[in-house]
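Basically this note's numbering = 1-based index in the sequence shown + 5. The structure under discussion appears below in the form of structure tokens.
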Amino acid sequence: MSNSLAQSFRPDLIEGYHAHVYFADAAERAIAAAIREVAPASFDLVMGRWREEPVGPHPLPMYQMAFERDL
């Protein structure tokens, strides 16, 4: 990380993160569905919509999981 970037980076300003779970075929879709079923019971997550088709910059079907910085 450059000095100027390191000096401007403020982790304390980050409020949360998100992750995308992508799937390309029926087997991966089943795994994604299983993750979606169990993850909220283990973590404090906000689940995004299930997308059966690529949307926006996302090249595959997917859903999003959002979580707090201090998860």
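Each residue gets a CB set at the ideal place from its N, CA and C atoms; glycine is no exception.
For residue i, three-class secondary structure by DSSP
i: A4; result: Look at the range of the chain in this structure, 6 to 76, and you will see that residue 4 is not part of it.
i: R56; result: strand
i: L65; result: coil
Residue span of the beta strand (DSSP E) that contains residue i, given as start and end
i: A24; result: 21 to 27
Beta-bridge partners of residue i, as assigned by DSSP
i: F14; result: Paired residue(s): none; F14 is not in a bridge.
i: F72; result: Y22, L50
Proximity below 8 Å, CB of residue i to CB of residue j
i: E57; j: P66; result: yes
i: V26; j: I40; result: yes
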